[in-house]
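First the structure, in the form of structure tokens, and then the observations on it.
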Amino acid sequence: MAFDNTYTGLPTADTGSNVGNREQLLDLTTVLAPRQAPVYGMLPKQAATADLVEWTVDGLRDATADNAVAEGVDVDSATGFDGQFTKLARLGNRLQHFRETFAVTKKQEIMDSVTPVRIQEAEEKAASQVLRDIEKSICSDNVAVTGNGSTANEFRGLGQWINNSPTADGVQAVPSDFVTPSASIIGDESGDGALELTEARFNNMLTSIFQETGEQGDHVLVAGTSVRNEIVDGFTRVSPTATQFNQGDGSEVNYNVEIFQGPYGIVKIISGNPKCLDHKRAYLLDPSLLGFAEAMSMGSTMLEDQGGGPRGYIDTMGTLICKGPNGLGKITDFATA
Numbered sequence: 054m055a056f057d058n059t060y061t062g063l064p065t066a067d068t069g070s071n072v073g074n075r076e077q078l079l080d081l082t083t084v085l086a087p088r089q090a091p092v093y094g095m096l097p098k099q100a101a102t103a104d105l106v107e108w109t110v111d112g113l114r115d116a117t118a119d120n121a122v123a124e125g126v127d128v129d130s131a132t133g134f135d136g137q138f139t140k141l142a143r144l145g146n147r148l149q150h151f152r153e154t155f156a157v158t159k160k161q162e163i164m165d166s167v168t169p170v171r172i173q174e175a176e177e178k179a180a181s182q183v184l185r186d187i188e189k190s191i192c193s194d195n196v197a198v199t200g201n202g203s204t205a206n207e208f209r210g211l212g213q214w215i216n217n218s219p220t221a222d223g224v225q226a227v228p229s230d231f232v233t234p235s236a237s238i239i240g241d242e243s244g245d246g247a248l249e250l251t252e253a254r255f256n257n258m259l260t261s262i263f264q265e266t267g268e269q270g271d272h273v274l275v276a277g278t279s280v281r282n283e284i285v286d287g288f289t290r291v292s293p294t295a296t297q298f299n300q301g302d303g304s305e306v307n308y309n310v311e312i313f314q315g316p317y318g319i320v321k322i323i324s325g326n327p328k329c330l331d332h333k334r335a336y337l338l339d340p341s342l343l344g345f346a347e348a349m350s351m352g353s354t355m356l357e358d359q360g361g362g363p364r365g366y367i368d369t370m371g372t373l374i375c376k377g378p379n380g381l382g383k384i385t386d387f388a389t390a
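Start counting the sequence shown at 54; every next residue gets the next number (the working numbering).
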């Protein structure tokens, strides 16, 4: 690239006097890209030891008001015993391998520059790229893909787990008892996209989740920019606070959290990474119903320098765990005022 430090405002007779001017390049570089991964950061981590990570879910039968036993009646084996595990089901997700390469030339490794364009900085930037890719995959509508020699494994994203009509994919379908109810999803219920995001609609979503779980606890709403703006502008909230999430790369990030006191517990509202979450998308999460299984923690591998300069790659392998889709909710679309 040619650097231009000519000054066209000089008199015509003096235009040659600027040939010796020095360039000035400030020792300042700003990375204009959000690196946070709030959803990945809040998920409990555990080890994975197989290509298909599986877990079980269970439920209770419908409650009855007629469970009454007459005086002196014995338990009669002839009438049979109730099987207590009729709802027991196995769920699973595929491991996904994430990788980002990095390299610098030999010349760039030894020269001074405003931004240190050296192998260590390239390695750190590649790690940030992978972290954002994991967050985007978690927040996506991706279906699970069973890999082979030419196709890579992909795990099922939150958009498919929190879905009242999930797409069939490469892992076990969610049993009907555990599918997210339509009332727990705020989208285009009217069919014409005319419904605004109101506090009443939000409370209806919370009510639907409570009817599934019976638990009155804290939830986290990871919100796209438009969702958060609608809530901040139009909902009744209490004083904001702060919370901290581990980013998975050893760093921790403080988030400004809006607190919404719902009918069945507190909802902490944080901003999702705008490069990983659509501005009209939000996920209402209970971290105890989620997790991330890692078969290989994020690490760096240096490759042989074959003459062009040092090079290597960052990679990790893991999958999203969803223990109770019926206890979660999401916002997919709404009309803005």
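Positions of the beta carbon are idealized from the N, C-alpha and C atoms, including for glycine.
In this text the structure is predicted, and so the values were computed from the model without any measurement.
Distance between beta carbons of residue j and residue i, contact taken as under 8 Å
{"i": "Thr-109", "j": "Arg-147", "result": "Not really, about 17 Å apart at Cβ, beyond 8 Å."}
{"i": "Val-310", "j": "Val-92", "result": "The Cβ separation is near 14 Å, so there is no contact."}
{"i": "Pro-340", "j": "Val-273", "result": "7 Å"}
{"i": "Thr-260", "j": "Tyr-317", "result": "7 Å"}
{"i": "Gly-382", "j": "Ser-237", "result": "4 Å"}
{"i": "Ile-322", "j": "Ile-284", "result": "6 Å"}
{"i": "Ile-374", "j": "Gly-344", "result": "4 Å"}
{"i": "Ala-197", "j": "Asp-222", "result": "4 Å"}
{"i": "Arg-334", "j": "Ala-156", "result": "Rounded, the Cβ-Cβ distance is 35 Å, inconsistent with contact."}
{"i": "Glu-252", "j": "Gly-287", "result": "7 Å"}
{"i": "Glu-162", "j": "Arg-171", "result": "5 Å"}
{"i": "Glu-207", "j": "Gln-264", "result": "So it is not a contact: roughly 32 Å between Cβ atoms."}
Boundaries of the alpha helix (DSSP H) in which residue i is found, first to last residue
{"i": "Gln-213", "result": "211-214"}
{"i": "Ser-181", "result": "172-191"}
{"i": "Val-92", "result": "91-95"}
{"i": "Lys-160", "result": "159-163"}
Beta bridge counterpart(s) of residue i as assigned by DSSP
{"i": "Cys-375", "result": "Leu-343"}
{"i": "Phe-313", "result": "Val-320"}
{"i": "Ser-334", "result": "For clarity, residue 334 is Arg in the given sequence; the question names Ser instead. Paired residues: none, contrary to the question."}
{"i": "Met-351", "result": "Paired residue(s): none; Met-351 is not in a bridge."}
{"i": "Gly-365", "result": "Phe-155, Met-355"}
{"i": "Asn-146", "result": "Val-106"}
{"i": "Ala-388", "result": "Glu-249"}
CB of residue i within 8 Å of CB of residue j, strictly
{"i": "Phe-151", "j": "Ile-191", "result": "no"}
{"i": "Gly-112", "j": "Ile-262", "result": "no"}
{"i": "Thr-154", "j": "Ala-179", "result": "yes"}
{"i": "Gly-200", "j": "Thr-385", "result": "no"}
{"i": "Ala-346", "j": "Val-106", "result": "yes"}
{"i": "Ala-101", "j": "Gly-371", "result": "yes"}
{"i": "Gln-213", "j": "Pro-219", "result": "yes"}
{"i": "Asn-195", "j": "Arg-185", "result": "no"}
{"i": "Leu-38", "j": "Phe-387", "result": "Outside the shown range of the chain, which is 54 to 390, sits residue 38, and nothing can be said about it."}
{"i": "Val-280", "j": "Gln-314", "result": "no"}
{"i": "Met-349", "j": "Thr-369", "result": "yes"}
{"i": "Asn-257", "j": "Pro-234", "result": "no"}
{"i": "Ile-215", "j": "Asp-271", "result": "no"}
{"i": "Lys-159", "j": "Gly-352", "result": "no"}
{"i": "Lys-140", "j": "Cys-329", "result": "no"}
{"i": "His-332", "j": "Gly-267", "result": "no"}
Range of the contiguous beta strand (DSSP E) that encloses residue i
{"i": "Gln-5", "result": "A question about residue 5 goes unanswered here, because the residues of the chain that appear run from 54 up to 390."}
{"i": "Gln-99", "result": "98-100"}
{"i": "Thr-204", "result": "Looking at the DSSP string, Thr-204 is not in any beta strand (DSSP E), and its letter there is neither H nor E."}
{"i": "Glu-107", "result": "105-110"}
{"i": "Lys-383", "result": "382-384"}
Within-8 Å CB hit, residue i to chain B
{"i": "Tyr-336", "result": "No chain B is part of this structure, which consists of one protein chain only."}
Exercise for review: Could you pull out every unbroken beta strand (DSSP E) segment of at least 3 residues lying fully inside the stretch 220-300, listed in chain order?
Suggested key: 272-276, 291-299
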